[in-house]
Amino acid sequence: MEIEVEQCAKLQSLNRMLEDCILSGRKVALVTGPGGAGKTTLLAKLSDCAKNFDALVVNASGARSEKDHPLGLLGQMFRSFTLSTEREAQLERILAARDVDFQNSLSSAGTVDELIEILLEVAGGRPMVLTVDDIQYADPDSIQALFMLLRRLVSYPVAAVFAEWRTSSAHPPLALAECIKQPYFYLLNLEPLSLGNVTEWMRQQNPDGVDVEQLAPSFLAATGGNPLLLQALFQDHFRRLGEPDSEAVQPVPDGVDAASGADESAVGTHFKVAVEVCLHRWEPQLRAVARGLAVLGGPTPASVLARLLGLEQRAVVEALSALTEAGLLRAGWFRHPASRAAALSGLGERELAALNERAALQLHVDGAGPSKVAERLVVAGGVPEQLSVDLLRDAAWQAVGEGNPTRAAEFLEVARRACSDAQERAEVTGMLARVLWLVKPSAVASLLVPLNAALEDGSLDDRNTVLLSTFLAWQGRADNAATVLEHVDPEQYEFHVAGTAELTLARQWLHWVSPLTGTGRTEGINPAHGAEEAGGCRSWSDLVKSAEQVLQCCRIADALPPVVLCALLALVYDNRLDDAQRWCETLRTEAESHQAAAWVAVLAAVQGLLAVRRGDLFDAELQSRAALTAMPRHNWGAVLGLPLSCLVHAATAIGDLGEARTIIRQAPPVVPQNLFWLHFLHARGRFYIGDNRSYAALADLQTCGRFLASGDLDLPHVVSWRGDLAEVWLRLNDPGNAKAVLEKHLTLTGIDDKREHGRALRILAATVDLPDRAVMLSDAVQALQDSGDRLELALALADTSDAELESGRFAESRLKAQQAKQLAKICGAEPLYWRLQNHGEERNDVLTDRKEHPGIALLSEAERKVAILAAQGRSNREISRTLFITVSTVEQHLTRVYRKLRVNSRSGLPMELSLVGTEGV
């Protein structure tokens, strides 16, 4: 396959020149053009055409390695045809002579006559065609001899065609310069192919099913019209089209610069090898400049490249120009990523490291940003004495801020290896651990050993000691984590509020993830690490206060992830759902901007738990799936039970028992038996209730209670297992046990926990008869209206409807049923919704009989819309997207809504707002 479009006209010119030389004698032509433009191919075609004239064809090619070998090119030409023994001896004598000065026409005249005599004898009266490729590499004596020979053959039918690519400003050989102004001289310049030429050539190849007009711009952008590169790219493209699941060069979309589209071109071996061959064949300074440019990573001034490579600036400018003409560069940078990679091929590991180290120093001297310098140091594999480790740390922070934690980890790994000071190495290792956790928590395992070694030799500071402990616990090594945490002296934090808060939460975290025995206190953990005593935490309110302190100081890149997770869960368990949601949204925005997949996953898991506690089943399923998608299961460590439990809770309440069953079956058979495992056990128990497997539910829920008690974690607002256990006892026709369990639950809960108190009253009502049952359900509804849990409220309203129906109050029953159905629909609780279908058709007139909260009339239209969506459990971000307003505007509206309705949070919004439906906005 050959490129013929541009060469056709040039070949016709050379053919006419050959015809003219037969008629009028000597002709000389010079073919110029950038590397890869097709000069060699053109000479080969001319040689084939010359055979049609029965001409003697003599070919030769200059080589850089033979440039200093006297008469090397001349010998190549004359040794290409068969000579008699006498003539061969004569030729070797001429070539071996060292006393002939071809730069002096008088002293070399006799030798030239002998060469002409040999040449004419071989030609035997036929026309002669002499071609010399890469004449820029020919030795001076050969060039001088050739042109002396041509001067003597002025009337003989001889055509001499030379091809060259001068990449520097050096003047052409003097002998050639003499011919330029002569009438027998032809100058042909091969230009890169235009878009029209590329399109026409591709059409001639007749590729089936390919839109050549759309594809040609991408080919041109990737190759710059260089025929050699174009042909190689074409071969790669159509080879890949025949391979399954392969990628090839894609058409450039409308409105997109072709050069930018070229970066996405998928190339193969042919293109890469073509670039490598070109760079190794061309002048060494071109290859050096291409490598320097590739290492520096972007368009670079010639002055910078000259200092990096130790070349003259003029030589660098000429090299850049030559590489641009050859189609490798565009606007000072490689047209295609494969060209950059090819430029660096062939460099040994040490050579590449040394070049990158020099580049790092050069960039630093020129005031480049830390990231650019650090990228070179990563390849160099070390830090030179002239630079400090701080530069790599700064670059890592910058990379994290730019959303590239993987790159930041590379910078810190180089910094860690370069640290000579033990304490500095420990600090960098801790920073590396936090950055690795942003993307892949399991990767932190490789750093636990060096961090522990730093702890033992005293070079690990207190904060990184806390980090080591929490990460060990995440990996399921709670016993080691407890031992590590004992090295932290709380007195060191006496005047450090944030540090004290982190330590408090770290100890609480350790308590939550530590394995439970089910028979006594937490296994392997000193009682001093319990929730009440941990880190000076005298009460649950102290823990929540520490959580607020940590969250207010939190920056994703520098935070201790397990500590922040613990802080968020503390808010959730304390029923501060709005605060937890606000922090999740704030931190998730930051995590997404940092491309911190692990943080996104963990925050989604917390949002899934929040959705479960609000009764928003669709959102609970969405967030939990997002958490498990963002971070594979093996990275969740001791916390895997959290997203799995929320997913099972949601699927069960939605009525998708098949999905819940699949999740349960796919759960790991061996899991850390900690608090998060109990979350999963609790969810599985609820699934068994929905699946009518009461005894299986009884086993799971009793196990859950036993383990919680063994770890001093039996708090209803943490895992509310007793309510579900009571439901199981009721299903087993044992109201006595159900009542006993619920009374214990109410004792532990207290009236301030509206959600747990209302839920317990709802279930307890099933153990008493009318009219007490109706009164108790009324109290449950009242409590749950302020709890924020719409699903529990819907269940309480449904039970109230049943009680009213049984009492003969049909209108009240229909009202409660309608309210319950609306909530069930909003929550996504399909089983509950269909259970309520038996209570009759929807009656809007019944709803209108309900007295509206007096404050609702005070709301503006905009405030009312925001209030409706907030009452239905939408987050501020979701409300902003729905109403096409900013999050800040949503917050301002909600502030005014709370003031007018005299409530403190969205959980206190009137229930009738949540029943309006989305058509109300």
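Residue numbers for the sequence shown follow my numbering, beginning at 7 and rising by one. From the three backbone atoms N, C-alpha and C, an ideal C-beta is built for every residue, glycine too. Predicted model, so just to flag it, every value in this text is computed and none were measured.
Residue burial classification, residue i (beta-carbon count within 10 angstroms, cutoff 16)
| i | result |
| --- | --- |
| Ala-95 | exposed |
| Ser-726 | buried |
| Ala-15 | exposed |
| Leu-574 | buried |
| Arg-320 | exposed |
| Leu-20 | buried |
| Ile-757 | exposed |
| Thr-901 | exposed |
| Ser-520 | buried |
| Pro-259 | Per-residue confidence for Pro-259 stands at a pLDDT of 44, beneath the threshold of 50, marking its modelled position as unreliable; the derived number appears in the next sentence. So Pro-259 ends up on the exposed side. |
| Ser-894 | exposed |
| Thr-412 | exposed |
Residues near residue i by beta carbon distance below 8 Å, same chain, minus five either side
| i | result |
| --- | --- |
| Glu-98 | none |
| Glu-665 | Ala-657 |
Short Cβ contact (8 Å threshold) for residue i with residue j
| i | j | result |
| --- | --- | --- |
| Val-4 | Leu-511 | In the structure as shown, the chain starts at 7 and stops at 927, and residue 4 therefore has no counterpart that could be examined. |
| Ala-432 | Ala-460 | yes |
| Asp-147 | Ala-169 | no |
| Gly-68 | Ile-141 | yes |
| Val-747 | Ala-771 | no |
| Thr-117 | Ser-53 | no |
| Gln-368 | Arg-313 | yes |
| Thr-476 | Leu-453 | no |
| Leu-329 | Val-281 | no |
| Phe-624 | Gly-794 | no |
| Leu-311 | Gly-298 | yes |
| Ala-415 | Val-441 | yes |
| Gly-42 | Pro-233 | yes |
| Ala-129 | Leu-79 | no |
| Ala-428 | Ser-465 | yes |
| Leu-121 | Leu-77 | no |
| Phe-225 | Met-208 | yes |
Residue closest to residue i, alpha-carbon to alpha-carbon, out of the options
| i | options | result |
| --- | --- | --- |
| Leu-799 | Gln-613, Val-204 and Gly-621 | Gly-621 |
| Gly-39 | Phe-713, Glu-331 and Ile-757 | Glu-331 |
| Tyr-701 | Asn-739, Asp-785, Asn-680 and Val-322 | Asn-739 |
| Val-384 | Leu-418, Ala-348, His-370 and Gln-555 | Leu-418 |
| Ala-165 | Lys-33, Glu-219, Ala-308 and Leu-201 | Lys-33 |
| Ser-351 | Ala-296, Arg-870 and His-502 | Ala-296 |
| Phe-244 | Ala-227, Gly-230, Gly-231 and Phe-277 | Phe-277 |
| Asn-195 | Ala-325, Ser-327 and Gly-44 | Gly-44 |
| Gln-404 | Lys-446, His-600, Gln-558 and Pro-290 | His-600 |
| His-763 | Val-490, Arg-93 and Leu-790 | Leu-790 |
| Val-167 | Gly-375, Arg-158, Ala-151 and Met-134 | Met-134 |
| Leu-776 | His-502, Leu-811 and Glu-408 | Leu-811 |
| Ala-553 | Leu-865, Trp-589 and Leu-907 | Trp-589 |
| Trp-480 | Lys-446, Gly-333 and Val-909 | Lys-446 |
| His-685 | Ser-866, Leu-663 and Phe-713 | Phe-713 |
| Cys-572 | Thr-635, Ala-507 and Leu-628 | Ala-507 |
| Val-787 | Ser-813, Lys-760 and Val-774 | Lys-760 |
| Ala-873 | Ile-891, Pro-916 and Asp-808 | Pro-916 |
| Leu-101 | Gln-82, Ala-115 and Ser-90 | Gln-82 |
| Ala-344 | Asp-26, Val-279 and Leu-797 | Val-279 |
Same chain only: Cβ atoms within 7 Å of residue i, ignoring 5 sequence neighbours per side
| i | result |
| --- | --- |
| His-655 | Val-618, Ala-626, Ala-689 and Arg-692 |
| Ser-448 | His-640 and Asn-641 |
| Arg-594 | Val-606 and Leu-609 |
| Ala-597 | Ile-562, Trp-605, Val-606 and Leu-609 |
| Leu-865 | Ala-873, Val-903 and Lys-906 |
Contact set for residue i: own chain, Cβ-Cβ below 6 Å, skip 5 residues either direction
| i | result |
| --- | --- |
| Gly-274 | Asp-242 |
| Glu-363 | Ala-386 and Pro-390 |
| Phe-682 | Val-645, Gly-647 and Leu-648 |
| Cys-652 | Gly-614, Leu-615, Val-618, Ala-626 and Ser-630 |
| Lys-745 | Thr-773 |
| Ala-703 | Gly-691, Tyr-694, Ile-695 and Val-734 |
| Lys-51 | Leu-17 |
Presumed contact (8 Å Cβ cut-off) between residue i and residue j, rounded CB distance
| i | j | result |
| --- | --- | --- |
| Val-896 | Ser-886 | 5 Å |
| Asn-458 | Leu-438 | Not a contact, Cβ separation roughly 15 Å. |
| Leu-36 | Leu-193 | 5 Å |
| Glu-867 | Val-903 | About 12 Å separates the two Cβ atoms, so there is no contact after all. |
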